Amino acid sequence: MPRPSTRAPFVARADELERLAAAVDRARRGEPGVVLVGADAGVGKTRLLTRATELAAEQGATVVWSHCVDLGEVGLPYLPFTEALTTLRSVHDAVDETVAQRPALARLLDAALPADDEQSQGERLQLFESIAAALAASGTPDAPLVLVVEDLHWADPSSRDVLRFVVARLRSEHVVVVASYRSDDLHRRHPLRPVLAELRRHPRVEHVDLRPFTAGELRDFTTAVAGDPLREDAFESVRTRSEGNAYFAEELVEAGPGEELPWSLADVLRARLETLDPPVQHLVRTASVSGRQVSERLLRAVLDQDGAFAADPGAFDRSLREAIAHHVLGIEADPSGDGRDTVVFRHALLAEAVATDLLPGERVTVHRTYLRALSEDPTLGSPALRAHHALAAHDLPAALTASRGAARKAARVLAPAEELRHLEQVLSLWAAVPDAAERLGEDRVAVALAAAGAASRAGSPERAVALARKVVEATADDPLRQAALRHVLSRYLLGTEQVEEVLTHTAAALAVLPTEPPSLDRAWTLAMRARAAMNADQDELAAEVAAEALAEAHRVDAPDVEADVLTTMAVLEVEDEDRAAVLLEQARERAVEAGDILTELRCWYNIAANRYYAGHLTEALDVVRDGVDRALATGLGWSVYGVELRLFDDLVRYAIGDLTPTDTLGETVPESWVPTLAAVQLYAAVARGDADAVERGTALRRDWYRDGMIALISGGCSIDALTWAGRYEEAVELAVELVEHLGRTWSDYFLGRIWLSALALAALADAADAARVTGDTSAAVAGLVARGRPLLDAAVTTAERGRPRGGTLGPEGRAWLARAAAEHARLTGETDAALWEETTRAFDYGYRYEAARSRFRWAEALCATGDRNAAEIEAAQALEEAEAMGAAPLAEAVRSLARRARLDLPGLRRSTATVLTDREEEVLILVAQGLTNRQIGERLYISAKTVSVHISNVLAKLGASGRAEAVSLAHQRGLLEV
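For the sequence shown, the positions run -6 to 971 when this note's numbering is used.
Written as structure tokens, this is what we have:
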């Protein structure tokens, strides 16, 4: 429960209350949200939130309070969410139901469960999903959940991560999270700053900046506190001193009338404390050393330790009661009913003022007393709390032991950032504790190795490499142990793409590790070496080492090693994609056997990629769907490979002709993945003809530097969209810029360059067609043709030199290469239907949209050669496919061709009730565009003489004396839209 003053009624803050009430109403309707409440200390955050939640509770909402505590930089992992779920568990079955469905949540709520020896990022994501699911299940339309998190500025790293995760998952839950923080505590490097910046950009997050009272509000407040209006001089004194700070103003009013009101809040609070009896002061000072709150059992034990209340067993209760009566302390009851009540200060500022007033020696003494109490009865507090008091008491051996215990506890609840900090604390204390190894039962190397693992799981790969490298260096006097540890360093090095160093370390390790008996260390060393060799394009070495690694893994029964090696072998299998798929399936089975969900998802992704690039699109889609379902079922829908599978789902759906917008099932996409998903979704957007496709592609330009694939896909789709829009020069310029960017990022012969070259050639060919129709000089067309030859050469060279690892170009690559050749022929004015037939056949492996687009060009080429019957057949099929897919620009292009070439296509027969025939109307439209008879003939595939006859007929029918008058009359009569 909150801890506001119980003496003053609530006044003012009407706007803020209205915003909070609106957020609760939205949550009731299934529109979840987050409200961040920031203010300086003492301004009234808790008072506001207390009133807001009282009103919400009166309307049936379920209100749960939780808080963060100040334990230095580390903190207690997940404290506010553990506290909230514990409270909910006592009043709501949803939490236990979630634990039953998602066992990862038991790590936080069931302390008796044994800790696992291994933790993974996958398990941590599952834990986050479980927390979000439990909160979601606890809110209903009739009783939305209002979760209040106080003092977010003290949140531990894992709690900040969970908050970001929960916000990213908001969909239609009946939940609103209200989090308060001290804005005056957020210095420039405060870790909450970037989190707040990220959260504020989210559409479901709003921010309330709570300001000090205005003069009018302060007058109402002081009147409520005093019971009557203050004299004008007294009010002015309070206003000047408090500057509208509610807590300071209340303390000043309660200090009573007098000429000498204290000028600082600390003075006011010290004056309050001095009115208490000495035993009560002693209890309050002892409590303040623990921060804003302390367990009642722990405080009682500490005071028993220092002997202050030894002579009188009832002194503790009397002193605590008096402190509560004087509104210095309060009690928060344990919602679980286990008797774990908490003693809390009425305000954090009061706790800080009391603690600050202690002399350094006094604070150290109290910390030592806390440490003794916690050491004698570990159930009184966590290892992190013992470490905190041990460090403050300058008891380094105790700090070392407690920090190691705190690291294990953090690992158990999947809080790697906190685990890392505790382990680094152990390492920093090691030299100061001579018998550190004996105390911990492990040497410094083992601790540093654990720290490297924590750093890796916490998303700090460079730190993991640095720690592991020191481990390897520190074991130089034990070559066998050093060799056994090199594969650990190698794994972290692969994460930072330091391939050559991995080859060096694994070679050194294999020179020392015995071949008999087989060992897990040797199996992993071989696996890391095979992967590094593959990444270094040393395929022969990679294949040889991978085979040896697989055999070693079989001998030591290590399915996780087998899964890793089989994946490497599948990538190396370049001649037989079906064999590669079999290897990947075997790897997936081994990952399942090993319980390695992340490797399993990696295998699902690789199998999908294998099927897609082999041209088996239907199989690829089936694999993608199964993989996404598996990711969602395990709570890893937004993990790296969970997202990669989602991307493939968009890509494969587009390729097979499903152009419908992506359905995220109401999910909010994590911000880090928004650009990547947006880029892939541009494929279908351009094919559909979305009006904002160019704008969306342009918006992704700022993300080119983040990921080359974002640049390739968004840039390529933008080129296509610009071409459909008739902005040919912009399309070609973008293609040139994109190729240069990716050449610097990857290499000159990245395979996507074939696609980009074909798209750029299409833009040039369309520009050349437009130039020929409008009668531009042959020099202009020649300039376009000259720009096209290097693009075709680049596509051909890339196909020869940029092929997949040792293999042949896949069906998609071959199809785009054929398209590039056909577009170049169109650019030069050659009429070669065979090239477009070849392109259509090449895309017909399942790439439905591009097959239809190529078929349209094939029909166009057939018209130019005079084979109208064949053109009609191909155009009809292209139109049918375009309309079925919803590819509006392509469908309109086919219809335009049919009108110009007078092809009889389904749905294009028009009424003959008009004054003009279809052909006369077509001729008149082109006359309105300013074309000459010759140009009109070229556009409609008829002679200039025939055009002249049609124009004469139009003039006669309309009674016009000339071409311009005919256009005007036709427009006036509604026969023509100009």
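Positions of the beta carbon are idealized from the N, C-alpha and C atoms, including for glycine.
Please read all numbers here as calculations on a predicted model, not as lab measurements.
Nearest to residue i (by Cα), restricted to the options the options
i: R333; options: S235, V558, A447, R293; result: R293
i: A129; options: R100, V170, A99; result: V170
i: H943; options: G952, E915, A957; result: E915
i: L810; options: V295, T821, D825, L784; result: L784
i: A161; options: L211, D178, P134, I124; result: I124
i: R474; options: S512, L81, T653; result: S512
i: H387; options: V406, L407, Y363, T372; result: Y363
i: R1003; options: R782, L179, A303, S707; result: Nothing can be reported for residue 1003, as the shown portion of the chain is limited to -6 through 971.
i: L269; options: E225, T561, I317; result: I317
i: D589; options: E116, L10, G26; result: E116
i: P507; options: P472, V295, R397; result: P472
i: A380; options: A366, S396, A678, R365; result: S396
i: H817; options: A854, L757, E830, E865; result: L757
i: T832; options: D370, A815, E867; result: A815
i: L140; options: A259, A751, L13; result: L13
Burial state of residue i, where buried means 16 or more other Cβ atoms lie within 10 Å
i: R194; result: exposed
i: N603; result: buried
i: R903; result: Note that R903 scores a pLDDT of 47, beneath 50, so its modelled location is shaky and nothing firm can be said.
i: P137; result: buried
i: P107; result: Unreliable placement is indicated for P107, whose pLDDT of 47 sits below 50; no coordinate value is reported for it.
i: T91; result: buried
i: G659; result: The predicted position of G659 is uncertain, since its pLDDT is 49 and thus under 50; a value taken from the coordinates is nonetheless stated next. G659 comes out exposed.
i: V84; result: exposed
i: A680; result: buried
i: G209; result: exposed
i: N862; result: exposed
i: L182; result: Checking the sequence shown, residue 182 turns out to be Arg, not Leu. R182 should be labelled exposed.
i: K402; result: buried
i: E236; result: exposed
i: V725; result: buried
i: L352; result: exposed
i: Y647; result: buried
i: R186; result: exposed
i: T905; result: In this prediction, T905 scores a pLDDT of 40, lower than 50, which makes its location untrustworthy; the coordinate-derived value is nonetheless stated afterwards. So T905 ends up on the exposed side.
i: D154; result: buried
i: S771; result: exposed
i: A779; result: exposed
i: A580; result: buried
i: E244; result: buried
i: G398; result: buried
Rounded Cβ spacing between residue i and residue j (contact assumed at less than 8 Å)
i: G806; j: A792; result: 7 Å
i: T738; j: G701; result: 5 Å
i: A857; j: T821; result: Wrong, their Cβ atoms sit about 13 Å apart, outside the cutoff.
i: A523; j: A539; result: 4 Å
i: S990; j: P70; result: Look at the range of the chain in this structure, -6 to 971, and you will see that residue 990 is not part of it.
i: Y174; j: G35; result: Not confirmed; about 14 Å, so no contact.
i: R479; j: A501; result: 6 Å
Cβ-Cβ distance between residue i and residue j below 8 Å
i: L591; j: V617; result: no
i: R746; j: A787; result: yes
i: Y634; j: R595; result: yes
i: L754; j: A764; result: no
i: A997; j: A516; result: Because residue 997 is not part of the residues shown, which for the chain are -6 to 971, the question remains open.
i: A546; j: V564; result: no
i: A973; j: V273; result: Residue 973 is absent from the model: the chain starts at -6 and stops at 971.
i: M527; j: A520; result: no
i: A477; j: L460; result: no
i: L101; j: V406; result: yes
i: Y30; j: V201; result: Going by the sequence as given, residue 30 is Val instead of Tyr. A contact, by the Cβ cut-off of 8 Å.
i: D350; j: R285; result: no
In chain order, each alpha helix (DSSP H) run of at least 4 residues that lies wholly inside the segment 418 to 474: Listed in chain order, they are 429 to 433, 437 to 450, 454 to 467.
List in chain order: all unbroken alpha helix (DSSP H) runs of 4+ residues lying wholly within the segment 872 to 937. As far as the segment 872 to 937 is concerned, its whole alpha helix (DSSP H) runs of at least 4 residues are 881 to 894, 911 to 921, 926 to 933.
Taking only runs of the alpha helix (DSSP H) that begin and end inside the segment 348 to 408, which ones reach a length of at least 4 residues, in chain order? Entirely contained in the segment 348 to 408, the alpha helix (DSSP H) runs reaching 4 residues are, in chain order, 353 to 369, 376 to 385, 389 to 405.
Restricting to runs no shorter than 3 residues, where is the beta strand (DSSP E) found entirely within the segment 143 to 203? Listed in chain order, the complete beta strand (DSSP E) runs (minimum 3 residues) inside the segment 143 to 203 are 168 to 175, 198 to 202.
List in chain order: all unbroken beta strand (DSSP E) runs of 3+ residues lying wholly within the segment 759 to 834. Runs found: none.
Contiguous alpha helix (DSSP H) assignments of at least 4 residues, all confined to the segment 42 to 128: If one requires a minimum length of 4 residues, the alpha helix (DSSP H) runs lying completely within the segment 42 to 128 are 72 to 84, 87 to 94, 99 to 102, in chain order.
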